[in-house]
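A.B. asks: Attaching a single structure in structure tokens format; questions to follow.
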């Protein structure tokens, strides 16, 4: 499969304008990184494929690592506290990612034979992909070389790729995107609400009720899905939102209040604990590396 991965690398390099970019193909992104320094980012719901180098992510207390040919799939947005793009010697990290489209997945799953439900509450999966998945992904990437074909062929090639992924070890997880029941679906409902209300103070009972669980059951299943607690998830959402505001030139005190903190000093302590530097010291470096804090699927 090395020949196919090499071909995909060449396609990515031909069309890179910046470190991380959305392409003309809907929902498809590509990325190239030469900086091995740790970055802080949010990983959106989607499927990521490493083509060259390797990637490390700290999700909650779990350190995940996968290299060329490795694929990460997630049904939930995970605010990682560490992300390292490792180069391959003097060659940059190269990756590509596809944001999940609920309607396309639901339609595709409806046309496939029914599979037994996956009872796992884990919201992500990492594994090596097959040649069939690589070929389908390469078919989609190839449209970057013939942009006039994108409006006609992209939807069919995206569907082909999603079909191959559903047939792969990632399939049991990805099939849950169309399900409204089950533990993972309940956790996803809570996460969707939290992402829109992270700057508010709310009791855990409120989120557990949205998920349709008792507080103890919600805490347990939320941790299984995200490798972190609901409180820590909200805190990480707040601090990553704060980092984006600081990068846009907002001062630390106003930033603290904007993301829901009542005490600027508490905000500074928790910010430094997560990112390694207090807000004011971090702000200038952030402005030089704004792409490091974007929501990425690569």
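In full-length UniProt numbering, the protein residues as written are 1 to 298. We treat Cβ as the ideally placed atom computed from N, Cα and C, and that holds for glycine.
Which first and last residues belong to the alpha helix (DSSP H) in which residue 20 is found?
C.D. replies: Per DSSP, residue 20 belongs to no alpha helix (DSSP H); it is in the beta strand (DSSP E), 20-22.
A.B. asks: Going by alpha carbons, who is nearest to residue 93 out of 138, 12, 52, 284?
C.D. replies: 52
A.B. asks: Please look up how many angstroms separate the CB atoms of residue 222 and residue 190, rounded, as I've assumed it's under 8 Å.
C.D. replies: 7 Å
A.B. asks: Taking DSSP's pairing of strands, which residues face residue 316 in a bridge?
C.D. replies: This structure gives no information on residue 316, because the portion of the chain shown stretches from 1 to 298.
A.B. asks: Can you check which of these residues, 283, 233, 108, 173, is closest to residue 157 by C-alpha distance?
C.D. replies: 108
A.B. asks: Quick one: what does DSSP say residue 62 is sitting in, helix, strand or coil?
C.D. replies: Residue 62 falls in the strand class under three-state DSSP.
A.B. asks: I need the DSSP call for residue 293, collapsed to helix, strand or coil.
C.D. replies: A caution first: residue 293 carries a pLDDT of 47, below 50, which makes its placement in the model unreliable, though a value can still be read off. Of the three classes helix, strand and coil, the one that applies to residue 293 here is helix, per DSSP.
A.B. asks: In the stretch 163-201, which residue ranges form an unbroken alpha helix (DSSP H) of at least 4 residues, counting only runs that do not cross its ends?
C.D. replies: 171-174, 183-197
A.B. asks: Does residue 217 come out as helix, strand or coil in the three-state DSSP assignment?
C.D. replies: helix
A.B. asks: If residue 47 sits next to residue 71, beta carbons under 8 Å apart, how far is it from one beta carbon to the other, in whole angstroms?
C.D. replies: 6 Å
A.B. asks: The beta strand (DSSP E) spanning residue 257 covers which residue range?
C.D. replies: Counting along the chain, residue 257 falls outside any beta strand (DSSP E), though it belongs to the alpha helix (DSSP H) covering 252-258.
A.B. asks: Output needed for residue 184: all residues of its chain with C-beta closer than 7 Å, excluding positions within five of it in sequence on either side, in chain order.
C.D. replies: If we look at residue 184 and ignore the five residues flanking it on each side, its Cβ neighbours are 75, 121, 123, 176, 225.
A.B. asks: When we look at the beta-carbon of residue 228 and count the other beta-carbons within 10 Å, is it buried (16 or more) or exposed?
C.D. replies: buried
A.B. asks: Between which residues of its own chain and residue 153 is the CB-CB distance below 8 Å, once the five residues before and five after are set aside?
C.D. replies: 143
A.B. asks: Per DSSP, residue 85 is paired with what?
C.D. replies: 55
A.B. asks: Under a Cβ-count criterion, where at least 16 other Cβ atoms within 10 Å of its own Cβ denotes burial, should residue 168 be classed as buried or exposed?
C.D. replies: buried
A.B. asks: Alpha carbon to alpha carbon, what distance is there between residue 281 and residue 79?
C.D. replies: 22 Å
A.B. asks: Name the one or two DSSP bridge partners that residue 96 has.
C.D. replies: 30, 49
A.B. asks: Can you find the residues in the same chain that come closer than 7 Å, C-beta to C-beta, to residue 215, ignoring five residues on each side of it along the sequence?
C.D. replies: 204, 205, 208
A.B. asks: Given a threshold of 16 other Cβ atoms within 10 Å of its Cβ, counted over all protein chains shown, does residue 162 qualify as buried or as exposed?
C.D. replies: buried
A.B. asks: Given this structure, state the Cα-to-Cα distance separating residue 3 from residue 89, to the nearest angstrom.
C.D. replies: Straight-line Cα distance between these residues: approximately 19 Å.
A.B. asks: Report the residue ranges of all alpha helix (DSSP H) runs contained in full by the stretch 128-161; include only those spanning at least 4 residues, in chain order.
C.D. replies: 131-141
A.B. asks: How would you label residue 77, buried or exposed, when you count the other beta carbons within 10 angstroms and need 16 or more for buried?
C.D. replies: buried
A.B. asks: Looking at the structure shown, is residue 25 part of a helix, part of a strand, or coil, going by DSSP?
C.D. replies: coil
A.B. asks: With a cut-off of 8 Å on the beta carbons, I'd call residue 129 and residue 49 a contact; round off their distance for me.
C.D. replies: 7 Å
A.B. asks: Does DSSP put residue 102 in a helix, in a strand, or in coil?
C.D. replies: Helix, per DSSP.
A.B. asks: Exposed or buried, which one is residue 300 when buried takes at least 16 other CB atoms within 10 Å?
C.D. replies: Absent from the model: residue 300. The displayed extent of the chain is 1 to 298, so no value can be given.
A.B. asks: Helix, strand or coil, according to DSSP, for residue 4 in the structure here?
C.D. replies: helix
A.B. asks: How big is the Cα-Cα spacing for residue 166 and residue 45?
C.D. replies: 15 Å
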